[in-house]
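Residue numbers (the working numbering): -2 to 305.
Yeah, the Cβ is synthetic: ideal placement off N, Cα and C, and Gly gets one too.
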């Protein structure tokens, strides 16, 4: 607009269109930002990226408002200067209304701008908090990884010790005579054994009667010896202290003790399982089947023997 020139209706129309377009852009950006913020929670890295995008959106939106504010203030100053020098009463009244309208628009833009700056400040503070949380989470993760590594190392050492014990037992065993470990039925307790088999990271339940095992184990009797063939079992490493009572629901602590046959291929899983059983209060007897053959021998004194 040239100096001293009264604004025409076309100028006012263009101003109105620009302001309307700016308002539409503001609403569209705000809706996009609201939809972005309402998304489900993400990982710390995704949260940081989201905050960075929000910052960029707010910066762009703030710049748009700054440009609109500067344009209106410049036009307002020009109108005020021209109105002060204009003597026509009718035209002066119209210009006074234009000045008042521009002042109102300028005030609205200032309010929006202050709001945007506050939102920008909040987002920046939120990003700092997220970065602090990320650093704390990384520290906790490192600590947990260290604890898990120490736990795995402890289990490995215990498993190696048990394997060495099994090797020593196998080395001392006569080659022509099958050695048996004997568990008398009435030696210290009147409880009877509840037989379990561990092989291939699987737990198989034989039950309290080796001659009539549960459906997951097949039994083949030859004289007073009963051989077991594991068929269906539960993954041992998937068990914990909470679901052990559910798996051993037929086991009665007042009448049974656990008698576990362990194949050498599952020593590491058995070490963890044995700890869980002891923590849960189960009485446990176990041995390593170095030959990989599972069987019990029923003797005359109603006691049990097993291959080792």
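- As far as DSSP is concerned, residue 272 takes part in no beta bridge.
- Boundaries around residue 190 are those of the beta strand (DSSP E), 189 to 196, since no alpha helix (DSSP H) includes it.
- In the structure shown, the three-state DSSP call for residue 216 is strand.
- With respect to the 9 Å criterion, residue 62 and residue 138 are not classified as neighbours on the basis of their beta carbons.
- Judged by their CB atoms, residue 214 and residue 292 are not nearer to each other than the 9 Å cut-off.
- Here residue 248 carries a coil assignment [DSSP, helix/strand/coil].
- Secondary-structure assignment with DSSP links residue 256 through a beta bridge to 192 and 282.
- Following the DSSP letters along the chain, one finds residue 200 inside the beta strand (DSSP E) bounded by residues 199 to 204.
- Here the alpha carbons of residue 43 and residue 118 stand approximately 20 Å from one another.
- In the three-state scheme derived from DSSP, where H, G and I count as helix and E and B as strand, residue 227 is classed as strand.
- Within its own chain, the residues whose Cβ lies closer than 8 Å to the Cβ of residue 116, once the five positions on either side in sequence are excluded, are 55, listed in chain order.
- In the three-state scheme derived from DSSP, where H, G and I count as helix and E and B as strand, residue 127 is classed as helix.
- The beta carbon of residue 282 lies closer than 8 Å to those of 180, 190, 254, 255, 256 and 257 in the same chain, with the five residues before and after it left out.
- Counting other Cβ atoms within 10 Å of its Cβ, residue 228 stays below 16 and is therefore classed as exposed.
- DSSP lists 225 as the bridge partner or partners of residue 291.
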